[in-house]
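**Student:** Here the UniProt record's numbering is used: position 297 in the sequence shown is 297, and no number is missing along the way.
Glycine residues also receive a C-beta, built at the ideal position from the N, C-alpha and C atoms.
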Amino acid sequence: MSTQRKTETIPEWKRHEVDEITDFLSRYESVGVVSITGIPSRQLQDMRRDLHGTAELRVSRNTLLERALEEVDDGLEQLTTYVSGQVGLIGTNDNPFGLYQQLEASKTSAPINAGEVAPNDIIVPEGDTGVDPGPFVGELQSVGANARIDEGSIKVMEDSKVLDAGEEVSGDLSNVLSELGIEPKEVGLDLRGVYAEGVLFEPEDLELDVDEYRSDIETAAAFGRNLALNASFPTAQTMPAQLSKATGEAKSLALNAAIEDPDVMPDLISKADGQVRALAANIDDPEALPEELQDVDAPEPEEEQTDDQPDDTEDAETDADDEAEAEDEDDDDDDSDGGDALGAMFG
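(1) How is Y195 classed by DSSP in three states: helix, strand or coil?
(2) Once DSSP output is grouped into helix, strand and coil, what is the label at K107?
(3) For V169, name the three-state secondary structure that DSSP assigns.
(4) For my contact list, V124 and V162 are in at a C-beta cut-off of 8 Å; report their separation, rounded to the angstrom.
(5) DSSP on T63, reduced to helix/strand/coil?
(6) Expressed to the nearest angstrom, what Euclidean distance is found between the alpha-carbon atoms of L208 and A221?
(7) Taking Cβ to Cβ, would you say S30 is nearer than 8 Å to T92?
(8) Taking T37 as the reference, give the member of D263, S84, D46, E66 with the closest Cα.
(9) Taking the CB atoms as reference points, tell me whether A145 and Q102 lie closer together than 8 Å.
(10) Would L189 be called buried (16 or more neighbouring beta carbons within 10 Å of its own) or exposed?
(11) Go through its chain and collect everything with a Cβ distance to S109's Cβ below 8 Å, but skip five positions before and after it.
(12) Residues bridged to I149 by DSSP?
(13) Can you say whether Y82 is buried or exposed, counting buried as having 16 or more other CB atoms within 10 angstroms of its CB?
(14) Out of D284, S142, L177, which has the shortest C-alpha to C-alpha gap to residue 351?
(15) If I follow the unbroken beta strand (DSSP E) through E56, where does it start and stop?
(16) I need the DSSP call for G138, collapsed to helix, strand or coil.
(17) From L243 to A280, what does the alpha carbon distance come to, in whole angstroms?
(18) With a threshold of 7 Å (Cβ to nearest heavy atom), would G274 be considered close to the ligand MN?
(19) Tell me the rounded alpha-carbon separation between E71 and L64.
(20) Tell me whether T238 sits in a helix, a strand or coil according to DSSP, three-state version.
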C-alpha cells in the first residue's frame with residue numbers, strides 16, 4: 001500500500017525517467033552497474049560513442065536507477081547493492097566476460113590530481129628528465145625521487161617509488177608527475193557487477209587471461225581427440241585420422257601375410273625385389289647370378305677395423321683363400337646348378 005502511494009506521488013518527469021530506464025533494462029540480455037567517478041563529461045561522451053553498437057550506457061539519479069531495477073525485478077534488483085556514488089547502468093547483448101574485456105580494453109591513462117588516492121604504486125623511472133638544471137631537481141628530491149644534475153640536465157638515477165598504492169596524492173607530487181608527463185591512473189568505466197541469465201557476476205569472476213584460457217581449451221580438445229582415437233570412438237573430427245590409421249594397419253597386415261591384393265601388389269613386389277637383391281649381394285660368385293643381378297654390390301661390413309686393432313685376420317684370410325682354391329673344382333658343379341636355378345626364377 002505504501003509503495004502504491006509512493007508511486008502516485010512521484011513527479012511526472014521522474015515517472016517518465018523510470019519508465020525509460022525500465023525499457024532500457026528490458027532490451028539487453030546482460031545489465032551491469034559501472035562506476036563513472038572521476039571521468040570528465042567530455043571523456044564520458046567519447047566512451048559512449050566508442051561503445052555504440054556493442055553496449056549502451058545510461059546515467060541517471062541513483063534513486064531512479066534503483067527504482068527501475070526494483071520494478072523490473074527478474075533478478076535485476078540484486079544490482080541495487082552496487083548503486084552508490086557516481087554510477088551508471090550498462091546494457092549489452094554480449095556475455096558478461098566479453099563486456100568486462102571490452103571495458104578494460106577501453107581504459108586510458110590519465111594524470112592524477114592532488115587529493116586523489118593512488119590506485120597503485122607510483123614510480124618515477126630512471127633516466128633523463130629532459131629538464132634543464134634548476135629548482136625542479138629539488139622538487140623531485142622532495143617527493144622522494146633520487147635525482148641530481150648530471151651533464152647539463154636533471155636526471156633520475158634509479159627507479160624511485162614516490163607513493164604507495166592507497167595513499168593520497170599531495171599537491172607537490174601531482175605537479176611533479178604532471179611536469180614529467182607521468183599518468184599513473186587509468187580512466188574508464190569500472191564494472192561493479194553484471195547480471196545475466198539469472199547469474200550475478202562481479203569483476204573477480206570475469207577477470208581471466210584470454211590467452212591462457214584459449215591454451216587450456218586447445219589442450220583439452222587435443223586430449224579429447226587423442227582419447228577418441230585411442231578408444232576408436234568415431235566423431236566428425238576423428239574419422240579421417242581413424243580411417244587413415246585403419247588403412248595403414250590393413251596394408252601392413254596384407255604385406256606381412258603376402259596377400260595378393262591389387263592395392264598391395266606393388267609393395268609386395270618391391271619387398272620381394274629387395275629381399276632377392278639382399279640375397280644376391282651375399283653370393284660370392286657373380287657368374288652364378290642372373291645378368292641383371294651381377295652388378296649388385298655386397299653390403300658393407302657392420303664394423304670397420306681400426307688402425308689400433310692388430311691385423312690378425314690377414315693370415316687367416318690367406319689360409320681361407322688357399323682352402324677355397326682347393327675346393328673350387330668340387331664346387332663348380334654346385335655353382336652351375338645354383339646359377340641355373342636362379343636363372344629359371346628370373347626368366
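**Tutor:** Once the coordinates are examined:
(1) Reading the sequence shown from its first residue, position 195 is the one you call residue 195. Residue state, collapsed to three classes: strand.
(2) One-based indexing of the sequence shown puts residue 107 at position 107. In this structure, K107 counts as coil in the three-state DSSP scheme.
(3) Here residue 169 refers to the residue found at position 169 when the sequence shown is read from its first residue. Looking at V169 - three-state DSSP - the assignment turns out to be coil, as it is neither helix nor strand.
(4) For this step, residue 124 is matched to residue 124 along the sequence shown. For this step, residue 162 is matched to residue 162 along the sequence shown. Yes, V124 and V162 are in contact; Cβ-Cβ is about 6 Å, under 8 Å.
(5) Sequence index remark: in the sequence shown, residue 63 carries index 63 (1-based). Here T63 sits in helix by DSSP.
(6) Reading the sequence shown from its first residue, position 208 is the one you call residue 208. Reading the sequence shown from its first residue, position 221 is the one you call residue 221. The alpha-carbon atoms of L208 and A221 are separated by roughly 19 Å.
(7) Numbered from 1 along the sequence shown, position 30 holds the residue referred to as residue 30. Numbered from 1 along the sequence shown, position 92 holds the residue referred to as residue 92. Yes, the pair counts as a contact, with Cβ atoms nearer than the cut-off.
(8) For the purposes of this step, residue 37 is identified with residue 37 of the sequence shown, where counting begins at 1. It is S84 whose Cα lies nearest to the Cα of T37.
(9) Against the sequence shown, residue 145 aligns to sequence position 145. Against the sequence shown, residue 102 aligns to sequence position 102. Not a contact, by the Cβ cut-off of 8 Å.
(10) Here residue 189 refers to the residue found at position 189 of the sequence shown. Result: buried.
(11) Counting from one through the sequence shown, the residue named residue 109 turns up at place 109. Correct list, in chain order: E183, P184, K185, E186, V187.
(12) Indexing the sequence shown from 1 puts residue 149 at position 149. Per DSSP, I154.
(13) On the sequence shown, residue 82 is found 82 positions in, with the first residue counted as 1. Classification for Y82: buried.
(14) For the chain, the structure presents residues 1 to 347; residue 351 sits outside this window and is missing.
(15) As a first step, residue 56 is located in the sequence shown; it is residue number 56 there, counting from the start. 55-58 is the span of the beta strand (DSSP E), which, as asked, contains E56.
(16) On the sequence shown, residue 138 is found 138 positions in, with the first residue counted as 1. Three-state DSSP puts G138 in a helix.
(17) On the sequence shown, position 243 is the one that residue 243 refers to. On the sequence shown, position 280 is the one that residue 280 refers to. Straight-line Cα distance between these residues: approximately 39 Å.
(18) The model depicted lacks the ligand MN and carries no ligand whatsoever.
(19) Numbered from 1 along the sequence shown, position 71 holds the residue referred to as residue 71. Numbered from 1 along the sequence shown, position 64 holds the residue referred to as residue 64. Between E71 and L64, the C-alpha separation is close to 10 Å.
(20) Taking the first residue of the sequence shown as 1, we reach residue 238 at position 238. In the structure shown, T238 sits in coil (DSSP, three-state: anything other than H, G, I, E or B).
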